[in-house]
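This report concerns only the one structure given below.
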Amino acid sequence: MTAHNIRHANTRHADSRHGDASDGAVGGRLSRVDGPAKITGAAKYAFEQQLDGLAHAVMVEATIAAGTVRAIDTRAAETAPGVLLVLTPDTIMEIKGASDWLGNPPTQKTYSPLARTVTYSGQHIAAVVAETFEQAVAAAALVEVSYDETPAIVDLSDPKAGDGIPIDAMTKEWGDAEAAFAAAPLRICAAYNTQREYQAAMEPHGLIARWQGEELTIWEPSQWLDGMARTYAEWFGVPFENVRLVSPYIGGGFGSKALALAHSAVAAASAKMLGRPVKLVLTRPQNFTSYGGRAATRQTVTIGAGRDGKIQSIVHRGVNETAIDGMWVEPLASVTSIMYATPNFSSKQNVVRVNTVVPGAKRAPGENPSAFGIESAIDELAHELGIDPLEMRLINYAEEDPEVNKPWSTRQLREAFAAGAERFGWARRTPKPRSMRDGKQLIGWGVAAGTYPVRRAYGEAVVRILADGSVEVESSSIDMGQGTYTILAQTAAETVGVPADDVVVKLGDSRYPRAGVAGGSRLAGVMTGAVYKAATSALDQLVGLAISDPRSPFHALQANTLVVANGRITAPRGDGPDVSVAELLASVGRDRIEATGDTMPANSTAEDRYKNYTTIATSVPHTEGDYSRHSWCAHFIEVRVDEDFGTVRVSRVVSALDSGRLYNPKLAESQWKGGIIMGIGQALLEEGIVDRRHGRIVNNNLADYLVPTNADIPDIEVISVGIPDLHSSVLGGKGVGELAIVGVAPAIANAVFHATGKRVRDLPITLEKLI
Amino acid sequence: MRDFSYVRADSIEAARKAAALPGAMLLAGGTTLVDLAKCGVAQPETVVDITHLKGLDTISVDATHATLGALAKMSHVADHAGIKSHFPAVSEALWQAASAQLRNMATVGGNLMQRTRCPYFRDPSNFSACNKREPGSGCSAIGGVTRGHAVLGTSRACIAMYPGDLATALVAFDATVHLGQRVLKVDDFFLQPGDTPEREHDIRAGEMITAIEIPGSAAARRSTYLKVRDRQSYEFAAASAAVGLELETDGRTIRDLRVALGGVATKPWRARAVEEALKGKVLDEDAVRKASGLAMEGAVDHGANHYKIELAPRVVARAILKLGETA
Amino acid sequence: MIDQTKSTTIPLHLTINGHRHELEVEPRVTLLDALRDRLDLTGTKKGCDHGQCGACTVHVDGERVLACLTLAAQVEGRSITTIEGLAGADGTLSAVQAAFLEQDAFQCGYCTPGQIMSAVACIREGHAGSDEEIREYMAGNLCRCGAYPNIVAAVRQAALEVAS
């Protein structure tokens with residue numbers, strides 16, 4: 022079984038009626054090239070591989086939030102039908118400690134994916150492997166664990182939680198914020214809370230692990246093949262090259278699928294111990310406790326302003342929860358410090374340890390809760406001053422990055438406000454809360470801005486021009502729905518000069534040329550750059566051969582260059598031969614041209630490269646050099662609040678976004694809408710609810726942890742206001758995927774205030790907060 | 002899921018006989034049984050599949066009554082023209098329940114046997130105390146996360162909310178359930194938890210629901226089901242109301258009124274106090290809102306579910322007012 | 025009547041996408057696990073395994089149901105259609121599939137087979153009459169990538185094509 026390989030030339034169907042040739046170029050609206058496989062059921066996701074001798078593993082998790090495992094009685098499970106292996110902390114093979122995602126060496130010599138000391142409910146304690154899935158599930162229920170339980174710190178509001186640990190690296194200060202606040206004519210101060218939220222990708226986490234001698238193959242949905250391969254290699258003490266990670270499609274990640282986790286180690290260990298391939302897929306409830314969602318956050322935003330609306334000072338304090346035995350910092354001032362011009366600023370952040378799985382990345386970690394604070398607060402300030410909230414934002418528009426005092430690479434936020442307001446009809450808004458209604462429905466209009474930094478890294482790709490004139494691209498980067506397959510096909514097609522239909526993109530296999538993490542909205546910029554370079558180099562070789570090879574029909578022409586377009590080669594003035602790429606290769610006796618391209622700095626060593634692809638340590642700061650680089654957006658949202666029931670429904674969304682140049686607007690618009698929809702969920706529905714006596718999430722399923730349904734979502738209009746930003750990427754794009762969720766929750770909270778006169782500062786905005 | 006043996010019944014008699022054996026459970030749509038078996042709550046030794054029985058899925062409706070075969074699918078009843086015209090609240094309760102797929106699977110008979118969504122009931126491995134599951138073991142919900150729990154009909158033993166929609170409409174219109182020999186009012190078929198929350202229905206070993214009968218009435222013809230929830234769809238009710246209204250010929254005086262509540266009680270909850278308070282009165286918003294408050298007589302909250310006491314009367318009032326607006 | 029003793033497998037004949045499949049499974053095996061683990065029909069997805077997401081939507085006798093809450097044994101003698109059986113024998117996409125591609129009605133693709141099976145049924149049931157009705161009758165298929173507006177557009181488009 023190899024990775025995904027689609028010739029979409031054979032599978033372009035109805036959409037070709039509406040497309041045209043330009044769709045295949047960079048910036049064209051080409052339909053997803055992996056689409057036909059996904060809509061026919063042919064797309065095989067990572068752990069859907071069918072392997073001979075496949076055994077099935079099921080995890081057993083802790084039912085207490087804190088304490089120690091006294092004993093595990095596995096006798097009943099071991100004798101249950103079909104059981105092959107029962108793993109406990111005592112019986113699992115030794116696994117070595119692995120370095121973290123920054124590349125820091127392990128703090129412990131060994132790693133125990135099955136816990137003896139329990140620090141959160143749902144932590145993995147044991148595992149059962151059986152011949153069938155049903156047998157493994159039944160046997161896992163027979164494992165009996167006894168505990169010595171100790172009191173747990175259940176969440177940020179637990180009296181035992183304390184103030185937490187100051188994170189000095191998060192401190193940002195300029196001017197004298199406290200003094201300026203004290204002197205300001207108008208002062209507001211409010212606390213804003215966001216809850217534990219979960220990525221809840223539709224595809225659960227899971228994997229198939231297979232050992233062949235000292236070679237390990239892992240089929241696992243992954244946002245980062247090379248990073249995860251490194252972890253497996255270190256865990257099992259085998260060379261990096263011995264680990265192959267395969268992840269042709271990913272059923273949604275949203276930040277959750279970038280790391281190899283405890284259950285991953287258990288699956289790989291049990292496969293090694295059994296000498297059989299093992300499949301382990303987490304149950305939906307386990308997907309709430311086997312890895313972290315977004316940490317719960319608390320922020321206080323204090324703003325001092327003049328009567329003219331000009332901000333004079335912002336004082337910001339933030340706290341996020343982290344785990345007892347793991348550190349997660351959700352950078353809460355990431356929007357606060359750059360969105361508005363302020364001469365005085367102070368932000369500090371603590372993290373508080375509670376008994377939870379270590380929180381993780383969920384769409385726009387940091388920026389998302391940060392924006393909920395500042396974008397709600399600015400709305401409160403506008404209301405206090407009687408200034409239109411949109412005008413308020415323009416009054417305080419930051420003409421340069423106030424934190425680092427550098428110009429923006431591009432910032433089309435003013436244009437976003439203008440375009441969004443125009444389309445939404447913002448000018449018709451009546452300023453007074455509760456002033457717009459339709460029968461029993463109170464109507465509110467809210468605005469908020471969002472931003473996400475341009476994270477940059479390096480990538481590599483191979484581009485081959487094959488004998489039949491088609492082009493093949495290979496990269497260990499991935500497509501979890503962002504459209505990597507498609508935009509890389511467009512990049513290669515445009516650069517080499519062939520139709521996009523003639524490009525095959527292969528991704529999701531760590532054997533291919535390497536790529537870093539698909540996270541932080543960096544992959545498209547990184548990989549289009551790498552493919553552009555590789556494709557340019559392949560094209561140069563092709564043209565070079567055509568000009569210089571004595572067997573080439575162009576040889577006699579003595580041209581300096583040639584034109585390759587639509588799969589055909591011609592002389593610039595059209596006065597020579599006109600041959601297809603395939604014919605040219607045949608004429609010069611070549612079956613392929615191959616070029617590797619990467620965007621690494623010149624004279625990078627092998628070690629530099631390894632570090633770049635397997636850690637995030639080499640990520641280039643967004644403020645490096647002369648510019649500060651960010652994507653920007655403005656959301657205009659209408660809500661309807663039932664005055665009897667307190668139910669909030671979003672009835673209209675217009676968002677204008679600046680992601681720079683869009684490689685494929687059709688797919689970028691989809692990602693934007695997806696971010697907005699996840700933001701609607703965050704604003705109105707999503708909340709991990711903890712039973713305080715047990716320290717356990719009780720709504721750990723998709724019926725009780727509510728994500729939006731189709732019926733919750735209105736038509737959403739997205740407008741691109743970006744311009745190419747060559748400071749941000751080779752082809753001028755900025756980030757797309759993370760951006761659009763940022764600012765949605767405050768836009769909704771602001772709209773709810775406008776509708777009802779009630780300011781909800783504690784997400785989600787559920788009906789009991791409004792009745 | 003524990004292993005079980007599988008029996009496919011080929012007659013009602015065979016199904017009854019098989020289901021009477023210890024550890025046997027009837028399988029209709031499977032939307033409750035298979036779900037709860039996966040949760041480890043239901044542990045059948047034998048599953049008796051009745052989905053292949055013939056003749057139990059008929060729907061017949063006229064002005065005087067509707068008869069729903071026990072195996073009629075929720076979706077088919079919801080879309081049935083006669084149900085829509087003579088019993089709109091029944092149709093609306095059904096199409097707002099669950100999802101289209103679940104409604105295609107679930108039968109109306111099976112739906113009456115739907116169990117509570119109490120998260121403590123559904124998670125035996127983490128919460129051993131549940132009187133409904135294990136009599137005498139205690140109630141994990143009391144003192145826990147109670148946002149979705151009942152405020153009416155609760156006991157010291159159990160505060161689990163009855164989650165269904167159809168039965169709420171059925172009790173409003175005095176429907177009966179046919180169990181072979183016995184015929185019970187749906188209102189009597191559902192039991193309050195009291196000290197025996199494990200007993201949710203008045204059904205005996207060897208009995209099987211064969212049909213549901215709903216008497217026709219003017220109130221049933223002018224009826225609605227209003228369901229309020231966090232999400233617009235595919236969620237259980239925060240509070241719901243099945244309401245039927247008949248006006249005198251003056252078009253303003255209430256002759257007959259039926260009110261039942263969902264999402265707030267331990268069983269489908271007929272609110273007779275509201276009905277009595279408004280019968281004979283002129284339909285007006287203030288009177289309706291005032292009377293609707295009577296629906297919460299005896300309500301007890303457990304903290305996070307307090308909002309239901311505020312919300313439910315508003316749902317009742319809005320449903321009545323909506324019917325009043327329709328000529 | 026069929027009566028099998030406990031802890032043994034039972035032979036089943038399932039008709040899936042017009043093909044007859046024979047398999048031996050325990051009675052507790054769901055249609056979903058039978059499709060994915062025994063028959064290599066992995067187009068039908070497992071998202072929650074409890075009827076809470078719609079990713080496993082298939083058609084049984086032409087109606088959309090959830091394979092995760094259906095026992096394989098229960099559907100013997102029924103006609104089962106999965107996403108793999110939706111396109112024509114020559115690979116021609118159904119109107120709904122084509123519309124999903126054109127409207128970009130998916131991103132990661134994991135909920136997509138369920139969405140498409142649901143959409144086909146939604147149109148056949150006559151529940152695609154307006155955008156509001158489509159949203160309600162497609163609400164049983166969660167999509168975390170947030171393709172909902174594009175799904176509504178795709179269903180609307182396909183419904184028009186089917187009608188014409």
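Chains as they are written, first to last, in this note's numbering: chain R, 22 to 792; chain F, 2 to 328; chain Z, 25 to 188.
By construction, the Cβ of each residue, glycine as well, lies at the ideal position given by its N, Cα and C atoms.
Quick caveat: nothing in here was measured; it's all calculated off a predicted structure.
Taking F:L324 as part of the alpha helix (DSSP H), name the residues at either end of that continuous run. Y308 to E326
Residues that R:R732 contacts on chain F, provided the C-beta gap is smaller than 7 angstroms: First, the amino acid is wrong: residue 732 of chain R is Ala here, not Arg. Going along chain F in sequence order, the residues near R:A732 (Cβ under 7 angstroms) are Q233 and S234.
Looking only at its own chain, which residues have a Cβ that is under 6 angstroms from the Cβ of Z:Q28, when we skip the five neighbours before and after it? Because the pLDDT at Z:Q28 is just 40, under 50, the model does not fix this residue reliably, and the value given afterwards should be weighed accordingly. So the list reads I34, once near-sequence residues are dropped.
Cβ distance (whole Å) where R:S133 is taken to contact R:R717 below 8 angstroms: For a cut-off of 8 angstroms, the C-beta gap from R:S133 to R:R717 is around 22 angstroms, too long to register as a contact.
Would the region 730 to 742 of chain R and the region 686 to 705 of chain R be scored as touching if the rule is three or more Cβ pairs under 8 angstroms? yes
Distance cutoff 8 angstroms, beta carbons only. Does R:T310 sit that close to anything in chain Z? R:T310 does not count as touching chain Z.
Could you tell me how far apart the beta carbons of R:R476 and R:G394 are, in whole angstroms, since I believe they sit closer than 8 angstroms? Actually they are not in contact, since the Cβ atoms of R:R476 and R:G394 sit about 22 angstroms apart, beyond 8 angstroms.
Would you kindly check if the distance between the Cβ of Z:Q127 and the Cβ of Z:N165 is under 8 angstroms? no
For the pair the region 607 to 623 of chain R and the region 483 to 498 of chain R, tell me if three or more CB-CB distances fall below 8 angstroms. yes
Going by beta carbon distance, what residues of the same chain come within less than 6 angstroms of Z:G170, once the five residues before and after it are set aside? none
Same chain, Cβ closer than 8 angstroms to R:P187, five either side skipped, listed in chain order: K369, Q370 and N371
For a contact meaning CB atoms closer than 7 angstroms, what does Z:Q98 contact in chain R? Ordered by position in chain R, no residue passes the 7 angstroms Cβ test against Z:Q98, which lies about 16 angstroms from the chain.
Quick one, which residues of the region 205 to 224 of chain F are near chain R if we go by CB-CB under 8 angstroms, in chain order? none
Cα-Cα separation between R:G74 and R:G339, rounded to whole angstroms: 51 angstroms
Helix, strand or coil for F:M26? Go by DSSP, reduced to three states. strand
So F:M106 contacts chain Z; which residues on that side make the cut at Cβ distance below 8 angstroms? V89, L90, L93 and T94
At a CB distance below 7 angstroms, what residues from the region 50 to 61 of chain R approach chain F? Give them in sequence order. none
Spatial neighbours of Z:R44 in its chain, beta-carbon cut-off 7 angstroms, leaving aside the 5 residues before and after: H37
Give me the Cβ distance between R:L123 and F:R232, rounded to the nearest whole Å; I'm assuming they're in contact under 8 angstroms. Contact flag wrong, Cβ pair sits at about 39 angstroms.
Excluding five sequence neighbours on each side, which residues of the same chain lie with their C-beta closer than 6 angstroms to the C-beta of Z:I40? Taken in chain order, the residues that qualify are I104.
What is the rounded straight-line gap between the Cα of F:A16 and the Cα of R:E495? Straight-line Cα distance between these residues: approximately 60 angstroms.
The beta strand (DSSP E) that contains R:H651, what's its start and end? H651 to D663 is the span of the beta strand (DSSP E), which, as asked, contains R:H651.
Taking the continuous alpha helix (DSSP H) assigned at F:N112, which residues delimit it? V109 to L113
From this set, F:G24, F:E46 and F:I51, which residue's C-alpha is nearest F:D11's C-alpha? F:I51
What is the DSSP secondary structure of R:F261, reduced to helix, strand or coil? helix
Consult DSSP for R:L301 and reduce its assignment to one of helix, strand or coil. strand
Which of the three DSSP states, helix, strand or coil, is assigned to F:V289? The answer is helix: DSSP assigns F:V289 an H, G or I state.
R:F366, enclosing beta strand (DSSP E) - first and last residue: Secondary structure note for R:F366: its beta strand (DSSP E) is the uninterrupted segment F366 to V375.
Note down, in chain order, each residue of its chain lying with its Cβ closer than 6 angstroms to the Cβ of R:V336, except the 5 sequence neighbours on either side. Annotation for R:V336: A198, F202, T323 and S367 place their beta carbon closer than 6 angstroms to its own, counting only its chain and skipping 5 residues before and after.
If R:Y270 sits next to R:Y533, beta carbons under 8 angstroms apart, how far is it from one beta carbon to the other, in whole angstroms? 15 angstroms between Cβ atoms; not a contact.
Please report the Cβ distance between R:G381 and R:S277, rounded to the nearest whole angstrom; I am assuming they are in contact, meaning their Cβ atoms lie under 8 angstroms. 6 angstroms
Using a C-beta to C-beta distance shorter than 8 angstroms, which residues of chain R count as neighbours of Z:D73? T304 and R305
Could one say the Cβ of Z:T29 lies closer than 8 angstroms to chain F's Cβ atoms, at least one of them? With a pLDDT of 38 at Z:T29, under the threshold of 50, the modelled position of that residue is not reliable, and no figure is offered here.
Alpha carbon of R:R432 to alpha carbon of R:L683, nearest angstrom: Looking at the two C-alpha atoms, the distance is approximately 15 angstroms.
With distance defined between alpha-carbon atoms, name the residue in R:F154, R:E342, R:G387 and R:K331 nearest to R:D352. Residue identity check: residue 352 of chain R is Pro in the sequence provided, not Asp. If we check each option's Cα against that of R:P352, R:G387 comes out closest.
Going by DSSP in three states, R:I637 sits in which element: helix, strand or coil? Reduced to three states, the DSSP call for R:I637 is coil.
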